[in-house]
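Read the structure below first, then the notes.
Protein chains: 4
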Amino acid sequence: MGILRLSHTDITAPDLDLAAAYYTEVLGLDLTERADDRLFLRGWDEPDHHCLTVRFDPRVGIDRVAFKLEHESDLEVFEQRLESAGCAVSRIGDGEEVGQGESIRFEAPSGHEIELVHDVHKVPGRLPLVNPPPYPEGLRGIAPPRSDHVLLLAEEVGEVSRFFMDVLDFGLTEQILSGAGHQIAAFLQRSGRPHDVAFVQGVSGGLHHVSFWVDDWDHVRRAADVLAFNGIPVDIGPTRHGITRGNTIYFFDPMGTRNEVFTGGYRADPDFPTITWTEDNLGRAIFYYEGKDNGRFLTVHT
Amino acid sequence: MGILRLSHTDITAPDLDLAAAYYTEVLGLDLTERADDRLFLRGWDEPDHHCLTVRFDPRVGIDRVAFKLEHESDLEVFEQRLESAGCAVSRIGDGEEVGQGESIRFEAPSGHEIELVHDVHKVPGRLPLVNPPPYPEGLRGIAPPRSDHVLLLAEEVGEVSRFFMDVLDFGLTEQILSGAGHQIAAFLQRSGRPHDVAFVQGVSGGLHHVSFWVDDWDHVRRAADVLAFNGIPVDIGPTRHGITRGNTIYFFDPMGTRNEVFTGGYRADPDFPTITWTEDNLGRAIFYYEGKDNGRFLTVHT
Amino acid sequence: MGILRLSHTDITAPDLDLAAAYYTEVLGLDLTERADDRLFLRGWDEPDHHCLTVRFDPRVGIDRVAFKLEHESDLEVFEQRLESAGCAVSRIGDGEEVGQGESIRFEAPSGHEIELVHDVHKVPGRLPLVNPPPYPEGLRGIAPPRSDHVLLLAEEVGEVSRFFMDVLDFGLTEQILSGAGHQIAAFLQRSGRPHDVAFVQGVSGGLHHVSFWVDDWDHVRRAADVLAFNGIPVDIGPTRHGITRGNTIYFFDPMGTRNEVFTGGYRADPDFPTITWTEDNLGRAIFYYEGKDNGRFLTVHT
Amino acid sequence: MGILRLSHTDITAPDLDLAAAYYTEVLGLDLTERADDRLFLRGWDEPDHHCLTVRFDPRVGIDRVAFKLEHESDLEVFEQRLESAGCAVSRIGDGEEVGQGESIRFEAPSGHEIELVHDVHKVPGRLPLVNPPPYPEGLRGIAPPRSDHVLLLAEEVGEVSRFFMDVLDFGLTEQILSGAGHQIAAFLQRSGRPHDVAFVQGVSGGLHHVSFWVDDWDHVRRAADVLAFNGIPVDIGPTRHGITRGNTIYFFDPMGTRNEVFTGGYRADPDFPTITWTEDNLGRAIFYYEGKDNGRFLTVHT
């Protein structure tokens, strides 16, 4: 029981047509639905209605992050647990949100609105359920099969990571500690992967990036080829993280939200021992090849 | 709560010195312990004491397959559940088995001895827990980071897959149905991967192969290079499975147990819809590139 | 001066529409011209008018193999040299053949018609000559950038390889010797690659396969994916050759001509020392991973 | 006849022990000979005695670049041709230089000393000439099979590239033109590869980098892993060049000479049409993914 994984990230952008063009043709997600002021997108291998939504707003930002619950009954369990922890919880009724059923929402100590949802509508996929090929024909752009994780900013990383561990049952796979022993980054998982959500020190409520999974290092290169061909500015990569060991490339959507394409990493069981990075190894922890930040990664966010 | 994943497979071999040489130098596992009549091995990225044991026996075969439980208390839960299902369950006390604590054992409808264990001893790994590189220096052979799954034989696949679903809470990711609608292969998961264990129609109690994870297609090629250099007979591959979409190579250890190196595949949530293969697509289901069995894959086992 | 590389292979097929569909949509060559009874094809990165032609004929077979000369004047040099060697040489005038200028033709000791040509017409490519991307958009199928080499059959391999070395200035990169020291396969190059043409013992005049270049191991996998998706029978692979070290996959076009997709291998300077394979290592020489022929590779040809 | 390819680059360094450690253990070349004040190194797949030499000198720099001639008699041909072009040519007698026979030396218009040599001594390689595996066991570090090309600086790129074309018979595969139509970079080949030597505008006599070949994109990643593990500063990459299409990573040896690991690119026949990059596409020409220089690539050299 409990949280299975990241469900979807809800971001905002001032130009939905541009967002639709970029997210379907360059990043290569499927547009499962377009409401008046909102796009619903998913990777080609995801059965759910959306892993990313983009709402029209003059400001580029983030509305909320949603995690998926294993059981319908988990809604009530977490409602009580959150209220015991002093969080105000609101119920979103079935039919209130496009493409999903009932959910609960609350504010994490990092200032982000978090949603927990069990029922996200199923949408027929690109592959048949009988004798399918390994991937569909006619994919466009980078075409990640699914979303992977999200990185958020928090003034007090230690506080919010403790909250995710204690109240939401996440495991801490990796952390960066300052020289003073203060937690300045935390990587948290429920799905058995290196991270479903992570926090890095910064302005509370901020979004650092939304990350999408690809299957291997060669696919990271093809992502870079697609980005360059389309004139999309690469933030950094292809490179490797020290944290998670994953291979990666970062880039910005045309409105300014940072995206990542990610592959690799280990499997994290519940008894996975936390890996610690010390601040003097910060550069290598983030970008194993470069050994340092590019002067933008730790300062630019939405 | 419940089963997390495959813990270890216990096989037998008539020559432990040869097995030790092969499994450490060619396959490239770590030998964590050698008891009088038994080898304990694990991949370089596994914290647990063993993912494979090899016991001396004049006959090549399999003793049991063990799955790992999330909680100590799961032992009792499954003990009761199994007894309710009519299975005789035996308790193995703490200290009775090398490298692990208390466990329960029972016979599955396929005739295999199955073990459930929570406490497998931790052995310090090859990577430090502070500022680690992405992989250790000095790896030998194929060097898979971990084991992945096991494929077993069963006369009545439908019966044993139903048992794994109903009693042990496994999810059925894929199945092959005969023309008459009879289940002739079943792929079952607890870990969110395409399979932790699978059954294919055959002589009950038999072992088809033990599979080890590698990170990508290039690593499958390097595995093939290592095998060829060492004169190890390749069964089939590098190729791709239709089932799981994974890339793979099969080969035999010098005593005759089939090994696999596997990568790729999807993530399987609890609500993952079962994929069905029809018997007329059997060849493509098993070997997507060849489109047919090699005349050995479905007949040779231990 | 002299031969630069393979120019084109002229094969026959009983169904040009099927050949056109397969060679453009599955193999992914460009159809640069279609004459009444002949297709002219090339890879997307080749400036020349054709690297493969398919002529209508009820019988599947090979008309000739053409090599490209560096200079127009080489035509006369080789004409004289060939006649001195006792070969009858015919001149094909400018305008007699579609897509190319003057050439000479003769019969090699293996019974194959060989053509030498300098002027193959240039056809505008898919990439611009100013600020090009690394590859064009909209490629279909396997889409090899170019052809690589051709493997022919000869009753007396030693005789024809000696001819290619002495009269045509090829270098012998590798050879297989029978137990009796007889050359049963010879690999010959002019372009600095492991082979532009090779001979293996068999029925003189026969064609074993036409090979196309791809850039890496991942592209070999994608070739296999394309073939499987299109139901094209794979002969063998993905695998590696001992000879050339290259990675490879073999398959048959729908009319029965064997194709190969090939990558890797070394650079062969003129002073490259010949590598010798002994007959007891024949299996490994041909298929390094399997260590033996598949029972079809050495017997089926066109 | 003529130049076959790059033979070797002779650089200087103030610490030969450090250079030996780095070039054998991190870059992974073979040290074929160590003279009093000089190291002779080569890639594991090169038959010649050296592709790189490092001479002790308090200053980090370059002594010369040597190209390999197909025939002994080419020495005299080029001697005459160079003298006709107004170049002073000196003969280095057999036995005067370690590991090679007679050669000629002259100064190119870019101020670099260039050597032409036919006879470089053969040193037994790591692979047998009978039934070899595809690569040797026990390679250390990045272990490129061979060197690839060298990039030099020249105040007047157009002048030196014209000299290499007219006097040394190089082909111009690619060039960058300034807005005023002035050639600011030129890529020149003899070996059928995208470049054996290139010039970029800068201080005449300078060395930008020495480049080594690896076989594919995965090997570029492994190079990055090796560099990061050994704390070697990466200049840029893994990335792709617009020019040559090749994948690449740049880094500095501990004395300050820039190295590159390179793979990919096309085959360049003598009639390969020159590709032109305009100055407004300079960033993409150099680093296709980043789309711009990193502020160090065009300014730091030795």
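Protein chains in written order, with this note's numbering: chain Y, 1 to 302; chain G, 303 to 604; chain Z, 605 to 906; chain U, 907 to 1208.
Glycine residues also receive a C-beta, built at the ideal position from the N, C-alpha and C atoms.
All values derive from a computational prediction rather than experimental measurement.
State buried or exposed for residue i, treating a residue as buried only when at least 16 other CB atoms are found within 10 Å of its CB.
i: residue 997 of chain U; result: exposed
i: residue 584 of chain G; result: buried
i: residue 1180 of chain U; result: exposed
i: residue 145 of chain Y; result: buried
i: residue 684 of chain Z; result: exposed
i: residue 1054 of chain U; result: buried
i: residue 792 of chain Z; result: buried
i: residue 639 of chain Z; result: exposed
i: residue 1030 of chain U; result: exposed
i: residue 1225 of chain U; result: The structure shown has nothing for residue 1225 of chain U, since chain U only spans 907 to 1208.
i: residue 528 of chain G; result: buried
i: residue 641 of chain Z; result: exposed
i: residue 938 of chain U; result: buried
i: residue 980 of chain U; result: buried
i: residue 318 of chain G; result: buried
i: residue 269 of chain G; result: The structure shown does not extend to residue 269 of chain G, since chain G spans only 303 to 604, so no value can be given for it.
Where does the unbroken beta strand (DSSP E) through residue i begin, and where does it stop?
i: residue 199 of chain Y; result: 197-201
i: residue 741 of chain Z; result: Counting along the chain, residue 741 of chain Z falls outside any beta strand (DSSP E), and DSSP gives it neither H nor E.
i: residue 864 of chain Z; result: 862-867
i: residue 340 of chain G; result: 340-344
i: residue 1076 of chain U; result: From DSSP, residue 1076 of chain U is part of no beta strand (DSSP E); its letter is neither H nor E.
i: residue 448 of chain G; result: 448-456
i: residue 31 of chain Y; result: 30-35
i: residue 555 of chain G; result: Where residue 555 of chain G is concerned, there is no enclosing beta strand (DSSP E), given that its DSSP letter is neither H nor E.
Measure the CB-CB distance between residue i and residue j and report whether it falls below 7 Å.
i: residue 1191 of chain U; j: residue 1149 of chain U; result: yes
i: residue 45 of chain Y; j: residue 12 of chain Y; result: no
i: residue 268 of chain Y; j: residue 173 of chain Y; result: yes
i: residue 1066 of chain U; j: residue 1100 of chain U; result: no
i: residue 50 of chain Y; j: residue 112 of chain Y; result: no
i: residue 40 of chain Y; j: residue 53 of chain Y; result: yes
i: residue 330 of chain G; j: residue 428 of chain G; result: no
i: residue 1061 of chain U; j: residue 1110 of chain U; result: yes
i: residue 115 of chain Y; j: residue 162 of chain Y; result: no
Which residue comes first and which comes last in the alpha helix (DSSP H) that contains residue i?
i: residue 825 of chain Z; result: 821-833
i: residue 371 of chain G; result: Residue 371 of chain G -> not in any alpha helix (DSSP H); beta strand (DSSP E) instead, spanning 363-371.
i: residue 460 of chain G; result: 459-468
i: residue 888 of chain Z; result: 886-890
i: residue 1006 of chain U; result: Here residue 1006 of chain U belongs to no alpha helix (DSSP H), and DSSP marks it neither H nor E.
i: residue 1178 of chain U; result: No alpha helix (DSSP H) holds residue 1178 of chain U; DSSP gives it neither H nor E.
i: residue 624 of chain Z; result: 620-625
i: residue 733 of chain Z; result: Neither: residue 733 of chain Z is in no alpha helix (DSSP H) and is coded neither H nor E.
Near residue i, which residues of its chain fall below 7 Å by C-beta distance, leaving aside the five closest residues on each side in sequence?
i: residue 851 of chain Z; result: 821, 824, 842, 844, 867 and 868
i: residue 510 of chain G; result: 453, 454, 455, 502, 560 and 603
i: residue 568 of chain G; result: 496 and 547
Less than 6 Å between C-beta atoms, sequence neighbours within five positions excluded: which residues of the same chain meet that for residue i?
i: residue 118 of chain Y; result: 69 and 72
i: residue 350 of chain G; result: 422
Let me see if you follow: with CB-CB separation under 7 Å, is residue i close to chain A or not?
i: residue 748 of chain Z; result: The structure shown contains no chain A; the protein chains it does contain are Y, G, Z and U.
Take residue i and list the residues in its own chain whose beta-carbon comes closer than 8 Å to its own, dropping the five residues that flank it on each side.
i: residue 1071 of chain U; result: 1077, 1078 and 1094
i: residue 1196 of chain U; result: 1142, 1145 and 1189
Quick check: is any heavy atom of the ligand PLP less than 6 Å from the C-beta of residue i?
i: residue 574 of chain G; result: As presented, the structure is devoid of all ligands, the ligand PLP included, so that no description of it is given.
Contact set between the region 450-468 of chain G and chain Z, restricted to residues whose Cβ is under 7 Å from the partner: Answer in chain order: no residues at all.
Selection of the region 648-674 of chain Z by Cβ proximity to chain U, strictly under 7 Å: So the close ones are 649, 651 and 674.
Mind listing which residues of the region 217-228 of chain Y have their C-beta closer than 8 Å to chain U's C-betas, in chain order? Per Cβ criterion, the list reads 217, 218, 221, 224, 225, 227 and 228.
Using a Cβ-Cβ cut-off of less than 8 Å, give me the residues of the region 410-439 of chain G that come near chain U, in sequence order. Those would be 435, 436, 437 and 439, in chain order.
Anything in the region 786-805 of chain Z with a Cβ closer than 7 Å to a Cβ of chain U? List those residues in chain order, please. Here the close residues are 795 and 796.
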